[in-house]
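Peer 1: Residue numbers (this note's numbering), protein chains in the order written: chain U, 1 to 123; chain R, 124 to 237. In this text, a Cβ means the ideal position worked out from N, Cα and C, and glycines have one as well. Have a look at the structure that comes next, please.
Pasting the structure below:
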């Protein structure tokens, strides 16, 4: 299957600093990348959808000025948590959708591939 | 508003037996449903999906059943193996004017007892 990487895998930072998380599709081009957040024992919650070359679309309740998303190429999207606070501590997961998109869904094939996640701890 | 629910946070099954994981949803506009398996500190891995126009899809030991009238789907794993121990998420897919979105359930932790 397709491979999506995230870097770093974990990060500890002081309150008030900014943290950048990278999401890369290693062996396919991703027109769309998604950013999720998972709190302990809770579901994955979609934060934003990122399309290459355009502004990200944020879900209701997610502050776009706090969670900056850049999708500059077909293989890279970045999420920057600005002025991080302890309540931002979470597990952040990206996923990348291949160009197969909905057609892949029709064929019963998965076309959205998840990265391994980044654990953020803000002290 | 939790549109996708997995009411059992945990399930324990004897090795070799059938594991049945359940999922309920509220939005009738969902067009595909997917099951993912997730280990701690890792991203979800895709298991199986089903279109909303079907009622069953089978792939090896995994079968997903969809009951649209009840807005309910289930994942059957048979026979269950120790390596199946993980958290399982159901997810519902929605296409909205070209934008697509996955909504996840809260997960069920499956433990296979050797």
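Helix, strand or coil for residue 165 (chain R), going by three-state DSSP, please let me know.
Peer 2: Walking along the second chain from the start, residue 165 (chain R) turns up at place 42. In this structure, residue 165 (chain R) counts as coil in the three-state DSSP scheme.
Peer 1: With DSSP as the reference, identify every bridge partner of residue 219 (chain R), one or two as the case may be.
Peer 2: Walking along the second chain from the start, residue 219 (chain R) turns up at place 96. The partner list for residue 219 (chain R) (beta bridge, DSSP) reads R:222.
Peer 1: Starting from residue 179 (chain R), trace the beta strand (DSSP E) both ways and give me its first and last residue.
Peer 2: Locating residue 179 (chain R) in the second chain gives position 56, where the first residue counts as 1. Residue 179 (chain R) -> beta strand (DSSP E) spans 179 to 182.
Peer 1: Taking its Cβ as the centre, do 16 or more other Cβ atoms sit within 10 Å of residue 132 (chain R), making it buried, or is it exposed?
Peer 2: Counting from 1 along the second chain, the entry for residue 132 (chain R) is found at position 9. With fewer than 16 Cβ atoms within 10 Å of its Cβ, residue 132 (chain R) is classed as exposed.
Peer 1: Examine chain R for any beta-carbon lying closer than 9 Å to the beta-carbon of residue 102 (chain U), and answer yes or no.
Peer 2: The residue given as residue 102 (chain U) occupies position 102 in the first chain. The predicted position of residue 102 (chain U) is uncertain, since its pLDDT is 47 and thus under 50; no value can be drawn from it.
Peer 1: State whether the region 131 to 150 of chain R contacts the region 71 to 85 of chain U, with contact taken as three or more CB pairs (one from each stretch) at a distance under 8 Å.
Peer 2: no
Peer 1: Reducing DSSP to helix, strand and coil, say where residue 235 (chain R) ends up.
Peer 2: The count along the second chain starts at 1 and reaches residue 235 (chain R) at position 112. Looking at residue 235 (chain R) - three-state DSSP - the assignment turns out to be strand.
Peer 1: What does residue 149 (chain R) touch in chain U if you count any residue whose Cβ is under 9 Å from its own?
Peer 2: In the second chain, the residue the question calls residue 149 (chain R) occupies position 26. Those do not exist, as residue 149 (chain R) stays about 14 Å from chain U at its closest Cβ, beyond 9 Å.
Peer 1: Which class does residue 88 (chain U) belong to by DSSP, given the choice of helix, strand or coil?
Peer 2: Reading the first chain from its first residue, position 88 is the one you call residue 88 (chain U). Helix at residue 88 (chain U).
Peer 1: Does the Cβ-Cβ distance between residue 4 (chain U) and residue 24 (chain U) come in under 9 Å?
Peer 2: Sequence index remark: in the first chain, residue 4 (chain U) carries index 4 (1-based). Sequence index remark: in the first chain, residue 24 (chain U) carries index 24 (1-based). A contact, by the Cβ cut-off of 9 Å.
Peer 1: In this structure, does DSSP put residue 102 (chain U) in helix, strand or coil?
Peer 2: Taking the first chain and counting its residues from 1, the one referred to as residue 102 (chain U) is at position 102. Low confidence applies to residue 102 (chain U): its pLDDT is 47, below 50, so where it sits in the model is not reliable, and the reading given next is rough at best. The answer is helix: DSSP assigns residue 102 (chain U) an H, G or I state.
Peer 1: If the cut is a Cβ gap below 9 Å, which residues of chain U does residue 212 (chain R) touch?
Peer 2: Working through the second chain from its first residue, we reach residue 212 (chain R) at position 89. Here the neighbours are 43, 44.
Peer 1: To the nearest whole angstrom, what separates the beta carbons of residue 177 (chain R) and residue 212 (chain R), a pair I think is in contact under 8 Å?
Peer 2: Sequence index remark: in the second chain, residue 177 (chain R) carries index 54 (1-based). Sequence index remark: in the second chain, residue 212 (chain R) carries index 89 (1-based). With 8 Å as the limit, residue 177 (chain R) and residue 212 (chain R) do not qualify as a contact, their Cβ atoms being about 20 Å apart.
Peer 1: For residue 133 (chain R), list the residues DSSP reports as bridge partners.
Peer 2: In the second chain, the residue the question calls residue 133 (chain R) occupies position 10. For residue 133 (chain R), which the question treats as bridged, DSSP gives the partners R:232.
Peer 1: Measure the C-alpha to C-alpha separation of residue 216 (chain R) and residue 185 (chain R) and round it to an integer number of angstroms.
Peer 2: Locating residue 216 (chain R) in the second chain gives position 93, where the first residue counts as 1. Locating residue 185 (chain R) in the second chain gives position 62, where the first residue counts as 1. The alpha-carbon atoms of residue 216 (chain R) and residue 185 (chain R) are separated by roughly 19 Å.
Peer 1: Is the CB of residue 166 (chain R) under 9 Å away from at least one CB in chain U?
Peer 2: On the second chain, residue 166 (chain R) is found 43 positions in, with the first residue counted as 1. The C-beta of residue 166 (chain R) comes closer than 9 Å to at least one C-beta of chain U.
Peer 1: Any chance you could list the beta strand (DSSP E) runs of at least 3 consecutive residues sitting entirely within the region 25 to 100 of chain U, in chain order?
Peer 2: 30 to 38, 44 to 51, 67 to 73, 76 to 81, 90 to 98
Peer 1: From residue 145 (chain U) to residue 53 (chain U), what does the alpha carbon distance come to, in whole angstroms?
Peer 2: This structure cannot settle anything about residue 145 (chain U), because the visible part of chain U is limited to 1 through 123.
Peer 1: Using a C-beta cutoff of 9 Å, does residue 67 (chain U) count as contacting chain R?
Peer 2: Taking the first residue of the first chain as position 1, residue 67 (chain U) is located at position 67. It does not; no Cβ of chain R falls within 9 Å.
Peer 1: Taking CB distances under 9 Å as the criterion, tell me whether residue 113 (chain U) reaches chain C.
Peer 2: Protein chains U and R are contained in the structure displayed, whereas chain C is not.
Peer 1: Using only CA atoms, which one of R:210, R:234, R:168 lies nearest to residue 42 (chain U)?
Peer 2: Counting from one through the first chain, the residue named residue 42 (chain U) turns up at place 42. Among R:210, R:234, R:168, the Cα nearest to that of residue 42 (chain U) is on R:210.
Peer 1: May I ask you to report which of helix, strand or coil DSSP gives residue 207 (chain R)?
Peer 2: Residue numbering aside, residue 207 (chain R) sits at position 84 when the second chain is read from its first letter. It is helical.
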